[in-house]
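*Asks:* Sharing a structure, written as structure tokens. Questions coming.
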Amino acid sequence: MSDRIKITLPDGSVREYDSGVTALEVVKSIGPGLAKAAVAVLVDGRPVDLAARLERDAKFSALKGDSPQGLEVIRHSASHLMAQAVTELHPGTRVAIGPAIEDGFYYDFDREAPFSSEDLEKIEKKMAELAAGDVPIERREMGRAEALEHFRKLGEGYKVELISELPESEPISFYRQGDFIDLCRGPHLPSTGRLKHFKLLSVAGAYWRGSEKNKMLQRIYGTAFDKKEQLEAHLAKLEEVKKRDHRRLGKELDLFSIHEEVGGGLVHWHPKGAVMRDIIETFWKAEHRKRGYQLAITPHIASEEIYRRSGHLQNYSDLMYSAMDIDGRPFRAKPMNCPGHILIYKTRMHSYREMPYRIGEMGTVYRYERSGVLHGLLRVRGFTIDDAHIFCRPDQLEAEVLGVYDFATFLLGSFGFKDLKVYLATRPEKSVGADADWDKATAALRAALEHHGVAYQLDEGGGAFYGPKIDLKVLDPLGREWQCTTIQFDFNLPERFDITYVDESGKQVRPFVVHRALLGSLERFFALLVEHYAGSFPLWLSPFQLAVLTITDAQTEYAKTLFDKFEKLGFRVKANFGAEKIGAKIRDAEMEKIPYMVIIGKKEEEDKQVSVRRHGQGPFDKLRAGDVGKMTVEELVDRLNKEVVQRG
RNA sequence: GCCACCGUAGCUCAGCUGGCAGAGCAGCGGUUUUGUAAACCGCGGGUCGGGGGUUCAAAUCCCUUCGGUGGCUCCA
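Here the first sequence is numbered in numbering that gives the first Met the number 0, starting from 0 and rising by one per residue.
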């Protein structure tokens with residue numbers, strides 16, 4: 000048939016083609032430049048191959064390699080190329096799954112011998128050869144029986160399993176490049192020659208379909224980009240991530256340590272880390288008092304009876320440390336702060352007039368995390384939650400949620416996190432509470448966000464079992480998301496502990512309870528700060544704020560008086576009056592990332608001034624680094640004070 | 001927990017196919033008194049993660065154990 004079809008382009012224009020025209024021909028007719036850049040096309044929003052034939056009217060747009068969907072096509076094709084290289088280099092290797100992921104792609108293989116890093120290099124070389132061969136990548140559909148037969152003959156059991164689970168109705172598509180055929184929905188690049196900029200990164204174990212019950216496969220991770228510069232930028236970013244790693248900086252800057260003798264996931268804060276933590280806590284407490292919170296302190300171990308009552312024992316026993324016998328009663332390390340706060344609330348009657356009742360604590364808890372998931376300060380077994388519980392009347396809920404949201408953005412913003420993402424998580428399958436209550440609470444959370452004009456994403460079914468929640472994630476300079484704030488509505492505890500307040504009519508009624516943490520865990524938040532600032536902390540947080548450095552012994556006396564003066568003014572000062580040259584002292588202070596260096600030589604002593612040098616704040620703030628020039632002590636103090644106040 | 005990789009001086013790391021444990025930095029002692037990212041000389045420091053085995057001989061090969069790291073959700 001030679002019917003004509005109407006193709007609508009993104010700009011709204013409509014063009015006519017013969018039915019059966021290929022996507023590539025359409026793209027070419029739009030422009031040769033586009034034809035070169037296109038990796039696939041969207042037909043009515045669905046990504047398809049350039050070779051696909053168009054047979055009916057459709058909305059049409061080309062996918063270029065620089066778009067997220069285009070990049071996905073490139074990476075998916077790169078994963079196939081890798082699988083082809085692996086099966087050619089290592090015949091007998093069975094292939095499982097190989098999708099594009101956030102920053103690249105992976106492919107899972109089943110093979111007895113492990114892949115070494117030399118193997119990765121060889122595979123990458125083979126991929127380059129295969130790409131240079133510019134083999135066409137062709138789509139084909141097969142009947143179910145034929146497909147099963149084909150992969151069964153090859154011994155590709157994983158593919159057989161996948162095919163048998165595909166719905167009967169759907170056509171089963173395959174992609175072939177040379178001798179390599181893979182089950183795949185597509186789309187793919189038209190030929191392997193389009194893959195130029197890829198890199199294999201690591202190999203790791205991964206269970207078939209993510210389940211511990213299944214066989215462990217070998218997963219090779221890689222990444223691919225449209226342009227060389229993009230690949231290089233990505234690899235540079237990976238280097239930057241390594242440089243900022245809080246475990247590395249924590250050691251280099253003498254902030255904390257974790258000891259095998261003590262056990263994994265248990266953190267020792269060194270004096271310099273502890274100074275920072277103290278600043279964070281002091282600031283946190285002051286801001287809480289300002290906002291009507293009362294502060295509490297609760298014990299680190301408790302009879303397990305309390306956790307049975309709260310429900311934690313039943314729901315989280317595999318996260319709790321096993322019981323210790325105390326006077327014949329089983330006690331547990333505290334996994335949550337909630338029960339303690341509830342007990343404090345329950346010690347007396349509460350009037351509707353004193354609501355909301357807000358109680359907070361830097362509460363240290365202990366949770367058993369499986370050894371394999373421990374990671375620096377980000378995943379630990381003992382940590383401190385900046386916890387608080389708000390008991391309020393139903394009519395106060397929205398305002399309270401809003402208050403917490405504002406507080407969280409203020410607090411996170413104070414630590415340099417201005418980019419936030421907000422998630423509203425709704426009822427999960429396994430949960431407690433009446434539908435009506437869930438609806439009411441979810442609506443209140445939603446209303447708080449919407450009345451405030453907050454853009455948020457819905458996390459359907461992502462709530463806690465005891466209530467819906469709002470989560471805030473911060474974005475760091477490398478674009479990574481970190482969960483910090485959580486605001487959770489709790490249906491569980493008020494019931495379980497039977498807590499009440501007395502309303503206007505004298506009746507005892509159930510309060511609403513909002514559970515919230517703003518920074519999350521102090522350990523985790525601290526790690527985040529280290530990575531965010533790359534160890535170059537702002538003045539108000541820095542363990543040492545200034546270093547006083549002498550040029551020669553002759554200035555020691557004078558420098559000492561300055562040192563004392565700074566200390567008296569409350570600054571955290573380090574003295575270096577040793578015998579090294581000034582260059583070495585400056586280097587030491589720079590390496591330690593001390594924000595200000597105060598240099599005292601003969602000239603400074605004579606005219607009662609100081610020479611000031613500012614440490615760079617990492618790549619995003621190099622400008623104020625270096626020699627700042629001479630000034631009086633008063634001028635410097637003024638400058639320091641201003642900088643501390645603005646927390647920048 | 002599971003799979004892979006890694007454990008050598010306080011730190012970062014070298015030590016190839018078995019043949020006397022090394023470097024730089026840090027530390028300590030001395031010399032130097034210095035002008036914006038490393039002065040010079042010297043000294044001390046290691047059961048090569050632990051245990052077992054193979055061998056005339058093991059940091060090196062094998063087994064085992066402990067610890068660390070990466071990963072184990074993202075629809076073929």
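Using N, Cα and C, we set each Cβ at its ideal position, and we do this for glycine too.
Values in this document were obtained by computation on a predicted structure and should not be read as measured data.
1) Confirm, please, whether the CB-CB distance from V266 to L376 is below 8 Å.
2) Identify, in the order they occur along the chain, each residue of the same chain with its Cβ nearer than 8 Å to the Cβ of Q313, setting aside the five sequence neighbours on each side.
3) Can you list, in chain order, the stretches of the beta strand (DSSP E) that have 3 or more residues and sit fully within the stretch 175-210?
4) For Q482, which residues of its own chain have a beta-carbon under 7 Å away from its beta-carbon, when the five flanking residues on both sides are left out?
5) Where K124 and A84 are concerned, what is the direct C-alpha to C-alpha distance, given to the nearest angstrom?
6) Tell me L62's beta-bridge partners as DSSP assigns them.
7) Using 10 angstroms around the beta-carbon of K601, count the other beta-carbons present and answer buried if the total reaches 16, otherwise exposed.
8) Please classify K214 as buried or exposed, where buried requires at least 16 neighbouring CB atoms within 10 angstroms.
9) Kindly indicate which three-state DSSP category E54 falls into: helix, strand or coil?
10) How is the beta strand (DSSP E) around R328 delimited, first residue to last?
11) Would you kindly check if the distance between the Cβ of S78 and the Cβ of P98 is under 8 Å?
12) Smallest Cα separation from M335: which of P186, K506, F382 and D102?
13) Contact defined as beta carbons within less than 8 Å: I believe H196 pairs with H75. What is the distance between those atoms, to the nearest angstrom?
14) Counting pairs of beta carbons, one from the stretch 512-528 and one from the stretch 552-563, are three or more of them closer than 8 Å?
15) Can you check which of these residues, A433, R515 and D458, is closest to E494 by C-alpha distance?
16) Taking all protein chains shown into account, decide if S341 is buried (16 or more other Cβ within 10 angstroms of its Cβ) or exposed.
17) For a minimum of 3 consecutive residues, which ranges assigned as the beta strand (DSSP E) are wholly contained in the stretch 335-367?
18) Would you check if the distance between the CB atom of K573 and the CB atom of A553 is smaller than 8 Å?
19) Count the other CB atoms within 10 Å of the CB of T281; is the residue buried (16 or more) or exposed (fewer)?
20) Can you tell me whether DSSP reads P90 as helix, strand or coil?
21) Pull up the CB-CB distance for F414 and L444, whole angstroms please, since I reckon it's below 8 Å.
22) Does the stretch 42-60 come within contact of the stretch 205-222, defined as at least 3 CB pairs closer than 8 Å?
23) If I follow the unbroken alpha helix (DSSP H) through E603, where does it start and stop?
24) Among the residues of its own chain, which have a CB less than 8 Å from the CB of L93, if the five just before and after it don't count?
25) How big is the Cα-Cα spacing for V20 and S12?
26) Give the straight-line distance between the Cα atoms of L147 and P166, rounded to the nearest whole angstrom.
27) Could you pull out every residue in the same chain whose Cβ sits closer than 8 Å to the Cβ of A322, ignoring the five residues on either side in sequence?
28) Report back the beta-carbon spacing between H269 and S256 to the nearest angstrom; my notes put them in contact at under 8 Å.
29) Mind checking M348: buried by the 16 CB within 10 Å criterion, or exposed?
30) If the criterion is Cβ atoms closer than 8 Å, does the pair R193 and V38 meet it?
31) Going residue by residue through the stretch 252-295, where are the continuous alpha helix (DSSP H) segments of at least 4 residues, counting only ones entirely within it?
32) Nearest-angstrom Cα distance between M275 and E449?
33) Per the contact definition of three or more C-beta pairs closer than 8 Å, is the stretch 386-406 in contact with the stretch 281-299?
34) Could you check the C-alpha separation between K345 and E399 for me, to the nearest Å?
35) Going by beta-carbon coordinates alone, are K236 and A533 separated by less than 8 Å?
36) Compare the Cα-Cα distances from L8 to each of A61, F179 and D2 and report the closest residue.
*Replies:* On the basis of the data shown:
1) Yes, the pair counts as a contact, with Cβ atoms nearer than the cut-off.
2) Excluding sequence positions up to five before and after Q313, its CB lies within less than 8 Å of the CB of R307, all in the same chain and listed in chain order.
3) Listed in chain order, the complete beta strand (DSSP E) runs (minimum 3 residues) inside the stretch 175-210 are 179-182 and 196-206.
4) Around Q482: D470, K472 and G519.
5) Rounded to the nearest angstrom, the two C-alpha atoms are 9 Å apart.
6) Paired residues: A39.
7) Around the beta carbon of K601, fewer than 16 other beta carbons sit within 10 angstroms, so the residue counts as exposed.
8) Its Cβ having fewer than 16 others within 10 Å, K214 is exposed.
9) E54: coil per DSSP, three-state reduction.
10) Bounds of the beta strand (DSSP E) holding R328 are R328 to A332.
11) Yes, the Cβ-Cβ distance between P98 and S78 is below 8 Å.
12) Nearest C-alpha to M335 among P186, K506, F382 and D102: F382.
13) So it is not a contact: roughly 15 Å between Cβ atoms.
14) Touching, no.
15) Minimum Cα distance to E494 is reached at A433.
16) Per the sequence shown, the amino acid found at residue 341 is Ile instead of Ser. I341 is classed as buried because its beta carbon has at least 16 other beta carbons within 10 Å across all chains shown.
17) Segments of the beta strand (DSSP E) lying fully in the stretch 335-367: 356-365.
18) No, the Cβ-Cβ distance between K573 and A553 is not below 8 Å.
19) T281 comes out exposed.
20) Collapsing the DSSP output to three states places P90 in coil.
21) Actually they are not in contact, since the Cβ atoms of F414 and L444 sit about 24 Å apart, beyond 8 Å.
22) The count of Cβ pairs closer than 8 Å, one atom from the stretch 42-60 and one from the stretch 205-222, stays below three, leaving the stretches out of contact.
23) For E603, the enclosing alpha helix (DSSP H) stretches over residues K601 to E605.
24) The question names Leu, but residue 93 is Arg in the sequence shown. Excluding five sequence positions before and after R93, the CB atoms of its chain that fall closer than 8 Å to its own CB belong to F108, D109, R110, G154, E155, G156 and Y157, given in chain order.
25) The straight-line gap from Cα to Cα measures roughly 18 Å.
26) If you draw a straight line from the Cα of L147 to the Cα of P166, it is about 14 Å long.
27) Spatial neighbours of A322 in its own chain (CB-CB distance under 8 Å, excluding positions within 5 residues in sequence) are listed in chain order as E303, P329, F330 and R331.
28) With 8 Å as the limit, H269 and S256 qualify as a contact, their Cβ atoms being about 7 Å apart.
29) Answer is exposed; the Cβ neighbour count stays below 16.
30) In this structure, V38 lies closer than 8 Å to R193 by Cβ.
31) Annotation note: the stretch 252-295 contains the following uninterrupted alpha helix (DSSP H) runs of length 4 or greater, listed N- to C-terminal: 270-289.
32) Rounded to the nearest whole angstrom, the CA to CA distance from M275 to E449 is 36 Å.
33) Counting C-beta pairs closer than 8 Å gives three or more between the stretch 281-299 and the stretch 386-406, which meets the contact rule.
34) Cα-Cα distance, rounded: 21 Å.
35) Not closer than 8 Å, so no.
36) Nearest of A61, F179 and D2 to L8, Cα basis: A61.
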